[in-house]
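A short worksheet on the structure shown next.
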Amino acid sequence: MPEISYREAVSSALREALNDDLRVFLVGEDIGPYGGAYAVTKGFTEEFGPDRIKDSPLSESAFVGAGVGAAMGGLRPIVELMTINFSMLAMDQIINHAAKVRYMSGGQLSAPMIIRTVTGGGAQVAATHSQNFEGWFATVPGMKVVVPSTPYDVLGLFRSCREEADPVMFVEHILLYSSRGEVPEGTYKVPLGESDVKRKGSHLTIVSYSRMVLLALDAARKLSQEGIEVEVIDLRCLRPLDMEPVLESVRKTHRALIVEEVWKTGGFGAEVAAQIQEHAFDYLDGPVARVAGAEVPMPYSRPLERAAIPDSDVIAHAVKSSIMG
Amino acid sequence: MVKVPMTAKETLEAPQLLELYRQMMLIRVFEEECARQYMQGNIHGFLHLYIGEEAIAVGSISTLRDQDYVVTHYRDHGHALAKGIDSKSAMAELFGKATGCSRGKGGSMHLFDTSKNFMGGYAIVAGQMPVAAGLALAAKSKGEDRLVICYLGDGALNEGEFHESMNLASIWKLPVIYFCENNLYGMGAPVWDTLALADNIYKLAESYNMPGMRLNGMDVLEVREVTQEASEHVRSGKGPIFLEAQTYRFRGHSIADPAEYRHGIEVEDWLEKDPIVTFKRKLLDEGRASEQELSDIDGAVMKEIEEAAKFADDSPFPEIDTLFEDVYADQPVPSNSGRLTE
Ligand SMILES: Cc1ncc(C[n+]2csc(CCOP(=O)(O)OP(=O)(O)O)c2C)c(N)n1
Ligand SMILES: [Mg+2]
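Below, the structure is given as structure tokens:
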């Protein structure tokens, strides 16, 4: 199987969409000749022309909202919000229009669009530029939220997003673009709402998503040398959320640890923890544990930022505390 | 009222002229040092250099008084230094050190020093504009004798917050100068592709019943003069004013950007207008300064920046405990019995 980077996976997913479907166009800030802030759309303008690769002014609310209208009008917009931090300037269009137009119109209208954006900290770009809002969007009925951790999932999930009749937030992680992974030839798909067991284990279940999955796997490898076998489940989608593999795993391991990068208070992991106790309470040998980002605006300084974001040692430590009780 | 001033008329004494030169040079050398330190791995994250635009910060801020507030965007080193932030504490901030002006928490894009009434660099495009309006509202409500100057890029003109702030400042007659640094690009996007009014940005002000003026942002004396005039308007209680300085950033959008989207000829043309080189030539040609005086200044500036880098390097990183400091105040705010001022 060929190995490609996460960035290449996003790029090829977009290329496929543009090649397969003339209704598809891309819009966003500096996605044209500049090639995108994370170089995902390099060369796209030459390949597809400026009508399909639309550079937008710095007007998040306007171009996301225009995406909603274009989707209602029969096009298939793929909108790029340069980072999830700037989604706040487009919040009204995403939440009040994209996510609700089907319901409010009694099913007459819909906004089948993909909003791609970039989440995460760790790049030392400080408080305004290092946030994880994907969980917010997942609280909104009408929205779907995809959070891939590997190139394989990026391609497979994106193909499924294109078949969605409703809006999807496709959330990439800033530190994953150069990560690599195997991807089979052919147009396989990963359906939305299927959590994935990324590693088998019997002592504890880690539930995670996006970049933290890779750190959880790191921790699991280290722990394995000490005889602790951790099962790692990647949610891949926050909405629709597939809890079945999580519950099945917890019924087997009797312990759960949720790992996420966002602030713990109201983080998406709180929802996962609640559902575990709702549906698998009798199987638990201890409380559902959580590892999450420090409850502070992200600091710039390197040692402070490192202390604010969970790493594999912190995860491994939490696994042990959970098992030792 | 729309005015396009053509020439600078103000007459300054030699020491004042040399001080303008020194400040521009300080910013230039500071940022060249930043670029070097970035390559050496001492500065991380985003680093947006102001090189080429120094005449704007220096020309405009040199007309302000200490109590006037400066609010700006993420390309903030120039404004910070011009407002008097110590080059040591600015450099230390970029190094992420405890001695930095934001205690290592803000980094390049979020410099703050309230002791200098430098009210911050804000990194969400146009996000500083409503904040500037609010600071102006506070000053006006409290009867304080100060104005706010708020810098923004040409890219900010496309955000709703620009238009909302312009209107609000106008109807509330707030003492604020909105100062657009039109360097022709927002990241890789040229103004002529993104702005409906690209050739006449200063005329946007008309829609908000606010005066707008255009000026040459490469000429420190012209910047001074126009800002002077703008301040008089604002200080006299007539409400806000909008300035458009035409300028160019000599480097990429950030240190990571090779700026391949700009044509060589365009860049060459603007490099010719280097605000420091042209000002230096003017001072020499007009006999306002000697080679010796200027090179003494260069030497002093280089020494200052060398010391700033050393200070930053020698300073400690913040203690990990400080991670949780300043999320909230330590103590509640005591009542001031309802008085408007402390
Ligand atoms: C709301 C928002 N959208 C996008 C960005 C990313 N971004 C940072 S600076 C910038 C370009 C801004 O250009 P301009 O306002 O002209 O200022 P300049 O960098 O030229 O000084 C962009 C797109 C951001 N910080 N905030
Ligand atoms: Mg600009």
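Chains L and F supply the protein sequences, listed in that same order.
Okay, so the first sequence: first residue is 1 according to the working numbering, each after it adds one.
Okay, so the second sequence: first residue is 1001 according to the working numbering, each after it adds one.
Glycine included, every Cβ here is placed at the ideal spot set by N, Cα and C.
Out of Glu29(L), Ile315(L), Glu3(L), Ile53(L), which has the shortest C-alpha to C-alpha gap to Leu14(L)?
For the residues Glu29(L), Ile315(L), Glu3(L), Ile53(L), the minimum Cα distance to Leu14(L) belongs to Ile53(L).
Tell me whether the beta-carbon of Lys1105(F) lies closer than 7 Å to the beta-carbon of Tyr300(L).
Yes.
If the cut is a Cβ gap below 7 Å, which residues of chain F does Asp30(L) touch?
Result: Met1187, Gly1188, Ala1189.
Output yes if chain L places a C-beta closer than 7 Å to the C-beta of Thr1247(F); else output no.
No, no contact with chain L.
Can you grab the Cα-Cα spacing for the pair Arg7(L) / Ile1043(F), in whole Å?
Cα to Cα, the separation comes out at about 25 Å.
With 7 Å set as the bound, which would you pick, yes or no: does the beta-carbon of Ile1171(F) sit closer than that to a beta-carbon of chain L?
Chain L, which has no Cβ nearer than 7 Å to the Cβ of Ile1171(F), makes this no.
List the residues of chain L whose Cβ lies closer than 7 Å to the Cβ of Met1109(F), in chain order.
Simply Ala126.
Please report the distance separating the alpha-carbon of Val64(L) from that of Gly1155(F).
Here the alpha carbons of Gly1155(F) and Val64(L) stand approximately 17 Å from one another.
According to DSSP, is Gln108(L) part of a helix, a strand, or is it coil?
Three-state DSSP puts Gln108(L) in coil, outside helix and strand.
Leaving out five residues on either side along the sequence, give the residues of the same chain with a beta carbon under 7 Å from the beta carbon of Thr1063(F).
Same-chain partners within the cutoff: Arg1224, Thr1227, Gln1228, Ser1231.
If the criterion is Cβ atoms closer than 7 Å, does the pair Pro1130(F) and Leu1174(F) meet it?
At least 7 Å separates the beta-carbon of Pro1130(F) from that of Leu1174(F).
Contact set between His129(L) and chain F, taken where Cβ atoms lie within less than 7 Å:
Those within 7 Å of His129(L) in chain F are Ala1123.
Are the beta-carbon atoms of Ser210(L) and Val291(L) separated by less than 7 Å?
Note that the C-beta distance between Ser210(L) and Val291(L) is not below 7 Å.
Counting beta carbon pairs with one atom in the region 156 to 169 of chain L and one in the region 188 to 204 of chain L, are three or more of them shorter than 8 Å?
Segments in contact, yes.
For Arg1251(F), report the span of its beta strand (DSSP E) as first-last.
No beta strand (DSSP E) holds Arg1251(F); DSSP gives it neither H nor E.
Please report how far the alpha carbon of Asp242(L) lies from the alpha carbon of Asp234(L), in whole angstroms.
So the two alpha carbons sit approximately 10 Å from each other.
Check whether chain L comes within 7 Å of Phe1179(F), counting only Cβ atoms and requiring the distance to be less than that.
For Phe1179(F), the nearest beta carbon of chain L is not closer than 7 Å to its own beta carbon.
When you check each C-beta in the region 1121 to 1145 of chain F against every C-beta of chain L, which residues fall closer than 9 Å?
Those would be Tyr1122, Ala1123, Ile1124, Val1125, Ala1126, Gly1127, in chain order.
Ligand 2 and Gly1153(F): does any heavy atom of the ligand fall closer than 6 Å to the residue's C-beta?
It does: the Cβ of Gly1153(F) is within 6 Å (strictly closer) of some heavy atom of ligand 2.
If you compare alpha carbons, which of Phe1095(F), Leu1017(F), Asp1068(F) is closest to Leu304(L)?
Of the candidates Phe1095(F), Leu1017(F), Asp1068(F), the one whose C-alpha sits nearest the C-alpha of Leu304(L) is Phe1095(F).
So the beta strand (DSSP E) Thr346(L) belongs to, where does it begin and stop?
Residue coverage of chain L in this structure runs from 1 to 325, which leaves residue 346(L) outside it and unanswerable.
From Thr1318(F) to His1110(F), what distance separates their C-alpha atoms?
In the sequence under discussion, the amino acid at residue 1318(F) is Pro, which differs from the Thr named in the question. If you draw a straight line from the Cα of Pro1318(F) to the Cα of His1110(F), it comes to about 16 Å.
Does the beta-carbon of Lys1140(F) have 16 or more other beta-carbons within 10 angstroms, so that it is buried, or is it exposed?
Buried, because 16 or more other Cβ atoms sit within 10 Å of the Cβ of Lys1140(F).
Can the beta-carbon of Val230(L) be found closer than 7 Å to that of Leu247(L)?
Cβ atoms of Val230(L) and Leu247(L): not closer than 7 Å.
If I'm right that Leu58(L) touches Gly1186(F) with Cβ under 8 Å, what's the distance once you round it to whole angstroms?
Rounded, the Cβ-Cβ distance is 6 Å, consistent with contact.
Helix, strand or coil at Cys1150(F) according to DSSP, with G and I counted as helix
Shown here, Cys1150(F) sits in a strand according to DSSP, grouped into three states.
Whole alpha helix (DSSP H) elements within the region 1124 to 1200 of chain F, 4-residue minimum
Taken in chain order, the unbroken stretches of alpha helix (DSSP H) that lie wholly in the region 1124 to 1200 of chain F and span 4 residues or more are 1128 to 1141, 1160 to 1171, 1191 to 1194.
8 Å Cβ shell around Leu1081(F) - same chain, five flanking residues per side excluded:
Its chain contains Gln1023, Leu1026, Ile1027, Phe1030, Ala1057, Ser1087, Ala1090 as the residues whose beta carbon lies nearer than 8 Å to that of Leu1081(F), once the 5 sequence neighbours on both sides are disregarded; these appear in chain order.
Am I right that Val259(L) and Ala307(L) are in contact with their C-beta atoms under 8 Å? What's the rounded C-beta distance?
That pair is no contact at about 16 Å.
Compare the C-beta of Glu1159(F) against all C-beta atoms of chain L and say whether one is closer than 7 Å.
Yes - at least one Cβ of chain L is within 7 Å of the one on Glu1159(F).
Compute every distance between the C-beta of Ile233(L) and the non-hydrogen atoms of ligand 1, then say whether any falls below 6 Å.
Because no heavy atom of ligand 1 lies under 6 Å away, the Cβ of Ile233(L) does not count as near it: no.
My assumption, with CB atoms under 8 Å, is that Ala1132(F) sits in contact with Val1191(F). Please give the rounded CB distance.
Actually they do not touch by this definition, with Cβ atoms about 22 Å apart.
If we cut at 7 Å on Cβ distances, does Tyr300(L) have a partner in chain F?
Yes, contact with chain F.
Taking the alpha carbon of Ser1315(F) as the reference point, which residue from Ile1305(F), Thr1099(F), Phe1046(F) has its own alpha carbon closest?
Nearest C-alpha to Ser1315(F) among Ile1305(F), Thr1099(F), Phe1046(F): Thr1099(F).
Touching or not, the region 316 to 325 of chain L and the region 270 to 289 of chain L, by the rule of three or more beta carbon pairs under 8 Å?
The region 316 to 325 of chain L vs the region 270 to 289 of chain L: in contact.
Looking at Tyr1151(F) and Phe1179(F), is the spacing between their C-beta atoms short of 7 Å?
A contact, by the Cβ cut-off of 7 Å.
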